[in-house]
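Visitor: Numbering (the numbering used here), first residue to last: 21 to 83. Ideal Cβ positions, reconstructed from N, Cα and C, are used throughout, including at glycine. Would you mind keeping the following structure in view while I ask a few things?
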Amino acid sequence: MITVSTTDGVGLIELNRPERRNALDIATCRQLVGAAEQVRADGARAVVVAGNGPAFCSGADFG
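Pasting the structure below:
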C-alpha cells in the first residue's frame with residue numbers, strides 16, 4: 021500500500037491505494053509510521069509524501 025525510497029537525501033513516501041483515492045485505514049497508517057521511520061534511518065534530509073492516482077489522499081477510510 022505504501023512504497024518508500026530515499027535518493028540523495030530525499031525520502032519519497034508514496035501512498036498506493038488509488039482505487040480508494042489513497043484513503044488512510046488503520047493498516048495504511050501503520051505503514052505510514054514505518055515508512056517515516058525508514059526514511060529517518062536512511063538519513064533523509066527532506067521527505068516528499070505523494071499519492072498514486074488522481075488524488076493525494078481522500079482522508080480516513082472507516083470502511
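Taking all protein chains shown into account, decide if A47 is buried (16 or more other Cβ within 10 angstroms of its Cβ) or exposed.
Guide: Under this definition A47 is an exposed residue.
Visitor: Could you name the residues that DSSP lists as bridge partners for G31?
Guide: Beta-bridge pairing links G31 to T26 and V67.
Visitor: Might you give, ordered along the chain, the residues of its own chain that have their beta carbon closer than 6 Å to the beta carbon of D45, omitting 5 neighbours on each side?
Guide: These residues qualify, in order along the chain: D81.
Visitor: Buried or exposed: where does T26 fall if 16 or more other Cβ atoms within 10 Å of its Cβ makes it buried?
Guide: With 16 or more other Cβ atoms within 10 Å, it is buried.
Visitor: Let's test the definition: count the other Cβ atoms within 10 Å of the Cβ of A55 and tell me whether it reaches 16, buried, or not, exposed.
Guide: Buried.
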